[in-house]
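Q: Structure in structure tokens, see below.
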Amino acid sequence: MSVEMSHENDTSNKNEIRKKIRNDIILVGVIILAALIAGSIYMLTRKPGGYAVVSINGNVYASYSLSEDITVELQTGSDGTHRNILVIKDGKVFVSEADCRDGICVKHNPIETIGDTIVCLPNRLVIEVQKDG
Amino acid sequence: MSNSSNNRRGRLPIKRLTTDAVFASVAMILSYVEFLLPPISTAFPGIKMGLPNVVIICALYLYGWKDAIAVSFVRLFLVVMLFGNALTLAYSVAGATLSLIVMIILKKINRFSTVGVSIAGGVFHNVGQILVAMFVFATTGIAYYLIVLSVTGTIAGVVVGLAAGYALKILNRRKISK
Numbered sequence: 777m778s779v780e781m782s783h784e785n786d787t788s789n790k791n792e793i794r795k796k797i798r799n800d801i802i803l804v805g806v807i808i809l810a811a812l813i814a815g816s817i818y819m820l821t822r823k824p825g826g827y828a829v830v831s832i833n834g835n836v837y838a839s840y841s842l843s844e845d846i847t848v849e850l851q852t853g854s855d856g857t858h859r860n861i862l863v864i865k866d867g868k869v870f871v872s873e874a875d876c877r878d879g880i881c882v883k884h885n886p887i888e889t890i891g892d893t894i895v896c897l898p899n900r901l902v903i904e905v906q907k908d909g
Numbered sequence: 070m071s072n073s074s075n076n077r078r079g080r081l082p083i084k085r086l087t088t089d090a091v092f093a094s095v096a097m098i099l100s101y102v103e104f105l106l107p108p109i110s111t112a113f114p115g116i117k118m119g120l121p122n123v124v125i126i127c128a129l130y131l132y133g134w135k136d137a138i139a140v141s142f143v144r145l146f147l148v149v150m151l152f153g154n155a156l157t158l159a160y161s162v163a164g165a166t167l168s169l170i171v172m173i174i175l176k177k178i179n180r181f182s183t184v185g186v187s188i189a190g191g192v193f194h195n196v197g198q199i200l201v202a203m204f205v206f207a208t209t210g211i212a213y214y215l216i217v218l219s220v221t222g223t224i225a226g227v228v229v230g231l232a233a234g235y236a237l238k239i240l241n242r243r244k245i246s247k
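Here the protein sequences line up with chains A and B, keeping their order. Counting in our numbering, the first sequence runs from 777 upward without gaps. Counting in our numbering, the second sequence runs from 70 upward without gaps.
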């Protein structure tokens, strides 16, 4: 279609392009608005959680109370040969060390809110803050 | 689009086949370039520019949906074979499939420019990947990532869509699709 555009009369063409750009802007507006609403609902309903629930390979492995500071070495990965070190300090959870290749879980900010997660894709580890253990 | 596809009983004209092949290799290189760039945010892994989508949109507008699917999946399998594993394959296939479906529909209804098509493609790429992540990790706790990813995906989509628009202008002027 776009190939023939240059041969068609210019005014209807310009109108069509203007309409499309207007629709593009509406689309951007709708997405940003939806994100703002969803984001504010998320921010308003967040509560500090009570437990850090650890799942490895999609199965719940253990849960730790956020009220006590601890450091745990987790056997992770699909065959349990990998390693992530989970730390709970001042009611927040973070991963201090990991042998995964990207280290995204280590760089992740400490989490404390219900529903927050730290995910280590290579080692198949998910740490999720929940209300109850 | 279809006038260029059906001469000589469904055989692809050499020019179109060659251009698709070039598209696939450029898309692959763009994936690699993206892989080399430092991550945009470490707190939210998965935020990407989606540079290969520039080429996929070009294929979609120049030759149609079949070529867009072909370019997307050839690129995807090349990238996964070279740099990925089974898990990245699942993420990539889900993201690419959802993104392609949405972009093909939006192109068909003809109400958006390449920018709108690219934004929708980018956002739904993220939706696909989050769905796989929710399945792999058996948790819905990561769904809120989509809020952030939708905003960043929209910004990236504008840039990618503009780039695709300019590229198409040049390709059309050179009568690549003829």
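Even for Gly, the Cβ is constructed at its ideal location relative to N, Cα and C.
Runs of 4 residues minimum, wholly inside the region 133-162 of chain B: which ones carry the alpha helix (DSSP H) assignment?
A: Runs found: 134-152.
Q: With the cut-off set at 7 Å, would you say residue 184 of chain B and residue 133 of chain B are in Cβ contact?
A: The answer is no: Cβ separation not under 7 Å.
Q: If you pair each beta-carbon of the region 87-105 of chain B with each one of the region 210-218 of chain B, do three or more pairs fall below 8 Å?
A: Because the criterion of three Cβ pairs below 8 Å is not met, the region 87-105 of chain B and the region 210-218 of chain B do not touch.
Q: Name the chain A residues that come within less than 7 Å of residue 144 of chain B, Cβ to Cβ?
A: In chain order: nothing, as chain A lies at least about 21 Å away.
Q: Within this structure, are the beta carbons of residue 905 of chain A and residue 887 of chain A separated by less than 7 Å?
A: For residue 905 of chain A and residue 887 of chain A, yes; Cβs fall inside 7 Å.
Q: Please decide whether residue 800 of chain A counts as near chain B, where near means a Cβ-Cβ distance under 7 Å.
A: Interface residue, yes.
Q: Using a beta-carbon distance cut-off of less than 8 Å, what residues from the region 885-896 of chain A approach chain B?
A: The residues in question are 885, 891, 892, 893, 895.
Q: Would you grab the beta carbon distance between residue 151 of chain B and residue 162 of chain B for me? Rounded to a whole angstrom, and I think it's under 8 Å.
A: 16 Å between Cβ atoms; not a contact.
Q: Residues of chain B with CB closer than 8 Å to the CB of residue 803 of chain A, please, in chain order.
A: Neighbours of residue 803 of chain A on chain B, chain order: 181, 185, 188, 189.
Q: Measuring only the C-alpha atoms, how far is residue 871 of chain A from residue 881 of chain A?
A: Whole-angstrom Cα-Cα distance: 6 Å.
Q: Taking 7 Å as the threshold (beta carbon to beta carbon), is residue 848 of chain A in contact with chain B?
A: Taking Cβ atoms only, chain B never reaches closer than 7 Å to residue 848 of chain A, which makes this a no.
Q: DSSP three-state call for residue 899 of chain A: helix, strand or coil?
A: Residue 899 of chain A falls in the coil class under three-state DSSP.
Q: Can you tell me where the beta strand (DSSP E) with residue 816 of chain A in it begins and where it stops?
A: Not the beta strand (DSSP E): residue 816 of chain A falls in the alpha helix (DSSP H), residues 786-821.
Q: Can you name, in chain order, every residue of its own chain whose Cβ lies under 8 Å from the Cβ of residue 181 of chain B, other than the five neighbours on each side?
A: Cβ neighbours of residue 181 of chain B beyond the five flanking positions: 175, 189.
Q: Decide if residue 780 of chain A is buried, meaning its Cβ has at least 16 other Cβ atoms within 10 Å, or exposed.
A: Because residue 780 of chain A sits at a pLDDT of 49, beneath the cut-off of 50, its placement in the model cannot be relied upon, and the point is left open.
Q: CA-CA distance, residue 829 of chain A and residue 793 of chain A?
A: C-alpha separation (whole angstroms): 52 Å.
Q: Can you list, in chain order, the residues of its chain with a C-beta nearer than 6 Å to that of residue 143 of chain B? Leave out the 5 residues immediately preceding and following it.
A: So the qualifying residues of the chain are 93.
Q: May I ask you to list, following chain order, the residues of the region 808-830 of chain A that have a beta carbon less than 8 Å from some beta carbon of chain B?
A: Cβ contacts with chain B: 808, 810, 811, 814, 815, 818.
Q: Does residue 204 of chain B pass the burial test, meaning 16 or more other C-beta atoms within 10 Å, or should it be called exposed?
A: Looking at its Cβ environment, which holds fewer than 16 other Cβ atoms inside 10 Å, residue 204 of chain B is exposed.
Q: Which one or two residues does DSSP pair with residue 863 of chain A in a beta bridge?
A: BP columns for residue 863 of chain A point to A:847, A:870.
Q: How is residue 841 of chain A classed by DSSP in three states: helix, strand or coil?
A: In the structure shown, residue 841 of chain A sits in a strand (DSSP, three-state: E or B).
Q: Buried or exposed: where does residue 855 of chain A fall if 16 or more other Cβ atoms within 10 Å of its Cβ makes it buried?
A: Residue 855 of chain A comes out exposed.
Q: Identify which residue in A:826, A:839, A:867 has its Cα closest to the Cα of residue 845 of chain A.
A: Residue A:867 is the option with its Cα nearest to residue 845 of chain A.
Q: Considering only C-alpha positions, which residue in the set A:896, A:860, A:885, A:826 is nearest to residue 873 of chain A?
A: It is A:860 whose Cα lies nearest to the Cα of residue 873 of chain A.
Q: So, residue 195 of chain B versus residue 222 of chain B, is the Cβ gap smaller than 7 Å?
A: Yes, these two residues count as a Cβ contact at 7 Å.
Q: Which stretch, first to last residue, makes up the beta strand (DSSP E) that contains residue 831 of chain A?
A: 827-832 is the span of the beta strand (DSSP E), which, as asked, contains residue 831 of chain A.
Q: Can you tell which of B:155, B:118, B:137, B:109 has the C-alpha that lies nearest to the C-alpha of residue 89 of chain B?
A: Looking at the Cα atoms, B:137 is the closest of the given residues.
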